[in-house]
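In the numbering used here, the protein residues as written are 80 to 542. C-beta atoms are modelled at their ideal positions from N, C-alpha and C, and glycine is treated no differently. Shown next, in structure tokens, is the structure this report addresses.
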Amino acid sequence: MDSLRFLLLLMHSRIAAAATVQGHFWHITDLHLDPEYRVATNPLHVCPSAGSKPVSNAGTWGNYMCDSPWSLINSSIYAMKAILPDPDFILWTGDDTPHVPNEKLGEEAVLEIIANLTALIKQVFPDTKVYPAMGNHDFHPKNQFPAKTHRIYSATAELWRSWLSNASIPTFKAGAFYSEKLLGPNTKGQMIVLNTNLYYDSNNQTAGLEDPGGQFQWLEDVLTNASKAEEMVYIVGHIPPGFFEKKRSKPWFRKHFNKRYTEIVQQHHGVIAAQFFGHHHTDSFRMFYSNGGSPINTMFLAPGVTPWKTSLPGVHNGANNPGIRVFDYDRGTLQVKDVVTYYLNLTHANLVAPRWEKEYRLTEAFQMPDGSARSMHMVLEKISKDKHYLQQYYQFNSVKYDLTECDESCQTDHVCAIREVDFLKYDECIKARSFTAVSTLPAKPFLFLCSLLGLLSFQGHLW
80 MDSLRFLLLL MHSRIAAAAT VQGHFWHITD LHLDPEYRVA TNPLHVCPSA GSKPVSNAGT
140 WGNYMCDSPW SLINSSIYAM KAILPDPDFI LWTGDDTPHV PNEKLGEEAV LEIIANLTAL
200 IKQVFPDTKV YPAMGNHDFH PKNQFPAKTH RIYSATAELW RSWLSNASIP TFKAGAFYSE
260 KLLGPNTKGQ MIVLNTNLYY DSNNQTAGLE DPGGQFQWLE DVLTNASKAE EMVYIVGHIP
320 PGFFEKKRSK PWFRKHFNKR YTEIVQQHHG VIAAQFFGHH HTDSFRMFYS NGGSPINTMF
380 LAPGVTPWKT SLPGVHNGAN NPGIRVFDYD RGTLQVKDVV TYYLNLTHAN LVAPRWEKEY
440 RLTEAFQMPD GSARSMHMVL EKISKDKHYL QQYYQFNSVK YDLTECDESC QTDHVCAIRE
500 VDFLKYDECI KARSFTAVST LPAKPFLFLC SLLGLLSFQG HLW
């Protein structure tokens, strides 16, 4: 009897210890509030974020042509509270204003939207630590983030003062980046929040600079000190390095900024547990490898709350269902243990009622033990080689909006974007996979293609 009681106590203590070690946090991104969204009968009067495009079947909870109405954002934050009411913390990675021309906004309008969303999150999660980052739309004019102090930086820092430590306020006001100690039981580590809008190729303010705002040097110093203190870190930001998986050869960073960032991750990967970014509105991830080809780090790209169909030329089916995401993690090591994505089927919400439900759990969907870099490399291998996993990933990418087939060209775009963050290696990946696709064509079509190319080459000499 005593032995049985001892075993039960031992089991209980181990279960309690495991529960203490494992934590959970939310990641939300790209809320993109459109304050002027209306359920109007005139398709040209529904939302400014649709531009000149007509919006048919506008519903209470939004439309795929538009940015988020308040009802959708409100629903998403309260869904978070219902699903996981007491997270360790929340990551909020920016882009709060609508996709409209600069003349339709201004500094005050941008700050008002940030203030309203901040108030909503504080109202629903009054006792939860939030680590916010600015997105490229959280400034006026959009994208034009300066590498020095600015009124919008200072005003935003004041809006977020209750979430930031006293030490973070000056660095935020100077460049909208900061680092914080992770708080909580059995948690040892830091949260590094970057302003990667400084590296955006649409930002004319930083075009000729090597290290805008000194953020790269600051990041290296923080990572070096974390290594000395034997602490792990998370890196958080809005615009990711590398390429957009839905448009071939579309990068976000300027080339020299992209190179510097990837070199820093390679050099300091031993203390970087994971990276968390947004901007794409899609669900994807990015791998970082050592020079020898070993997986050393993963960047998780979370889906957006806005369903807005991108206006980026060449992107097919560029909308998404609204998504929110929970990470399970080890509080001691900061290793990502699992990822659970929840979503709202916008069509169903407008026809029946809003219902936030689990879309998928990473370890179940891809049969992986966790969300480590090694496991995510194996997910990439499955996407690269197995049609079932490719199609599953592709549906998750748009949060089950685009259910069409991902063909070979589509697969190449996604696989190369995930595998290669470096500009040169990405180009090599595209060329290699495109050559493989051509070389596997049946003999007759392949010979015809060669003949056609020869004819075109011959004609070229006649001009």
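Cβ contact annotation for Leu238 (same chain, cutoff 8 Å, sequence separation greater than five): Leu190, Ile193, Ala194, Thr197, in chain order. Taking the Cβ atoms as the reference, Val478 lies roughly 12 Å from Asp109, outside the contact range of under 8 Å. Exclusion of the five residues before and after Trp297 leaves Thr250, Phe256 as the residues of its chain whose Cβ lies within less than 8 Å of its Cβ. Thr341 and Lys510 have their alpha carbons spaced roughly 21 Å apart. Within the DSSP secondary-structure output, Trp171 pairs in a beta bridge with Ile107, Pro211.
A straight line joining the alpha-carbon of Phe355 with that of Met270 spans about 11 Å. Around the beta carbon of Thr303, a 10 Å sphere encloses fewer than 16 other beta carbons of the protein chains shown; the residue is thus reported as exposed. In this model, Ala188 and Ser128 are separated by some 15 Å (Cα to Cα).
Put simply, the backbone Cα of Asp506 is about 8 Å away from that of Ser328. The criterion of a C-beta distance shorter than 8 Å is not satisfied by Asn276 and Asn337. Close CB contacts of His359 within its chain, under the 6 Å cut and outside five residues either way in sequence, are with Leu380 (chain order).
In the DSSP assignment, Gly138 forms a beta bridge with Gly141. Membership of Gly254 in any beta strand (DSSP E) is not indicated; the residue belongs instead to the alpha helix (DSSP H) covering 247-254. Within the DSSP bridge table, the entry for Arg512 names no partner. Annotation: the continuous beta strand (DSSP E) that includes Val315 extends over 311-315.
The C-beta separation of Gln294 from Gly254 comes to about 6 Å, placing the pair in contact by the 8 Å criterion. Following the DSSP letters along the chain, one finds Lys416 inside the beta strand (DSSP E) bounded by residues 415-423. Per DSSP, reduced to three states, the secondary structure at Gln101 is strand. Per DSSP, the continuous alpha helix (DSSP H) segment holding Ala444 begins and ends at 441-444. Secondary structure within the segment 333-389: the beta strand (DSSP E) runs of 3 or more consecutive residues, fully enclosed, are 351-356, 363-368, 374-380 (chain order). Under the DSSP definition of a beta bridge, Tyr157 lacks any partner. Taken through DSSP and simplified to helix, strand or coil, Gln202 comes out as helix. The beta-bridge partner set that DSSP reports for Gly402 consists of Tyr422. Of all alpha-carbon atoms in Asn399, Lys334, Trp140, Ala236, the one lying nearest the alpha-carbon of Asp113 is that of Trp140.
Put simply, of Leu423, Leu170, Ser390, Pro148 the residue whose alpha carbon is nearest the alpha carbon of Lys132 is Ser390. Closest by C-alpha distance to Leu469, out of Ala452, Glu487, Tyr480, Arg453, is Glu487. Scanning its chain for C-beta atoms nearer than 6 Å, with the 5 sequence neighbours on each side dropped, one finds around Ser369 the residues Ile375, in chain order.
Looking only at Lys252, Ser244, Arg240, the smallest Cα-Cα distance to Ile231 is reached by Lys252.
Under the three-state reduction of DSSP, Ile271 is assigned to strand. Between Gly349 and the set Lys307, Phe364, Leu482, the nearest pair of CA atoms involves Lys307. Cβ neighbours of Gly357 within its own chain (closer than 6 Å, five residues either side excluded): Thr108, Asp109, Thr172, His317, Ala381.
Around the beta carbon of Ser135, fewer than 16 other beta carbons lie within 10 angstroms, which makes this residue exposed. The segment 138-154 makes contact with the segment 385-404: 3 or more CB pairs, one atom from each, lie closer than 8 Å.
In the three-state reduction of the DSSP assignment, Phe224 falls in the coil class. Taking the Cα of Phe367 as reference, the smallest distance to any Cα among Val500, Lys221, Asp165 is reached at Val500. Taking every protein chain shown into account, the CB of Asn283 has fewer than 16 other CB atoms within 10 angstroms, so this residue is exposed.
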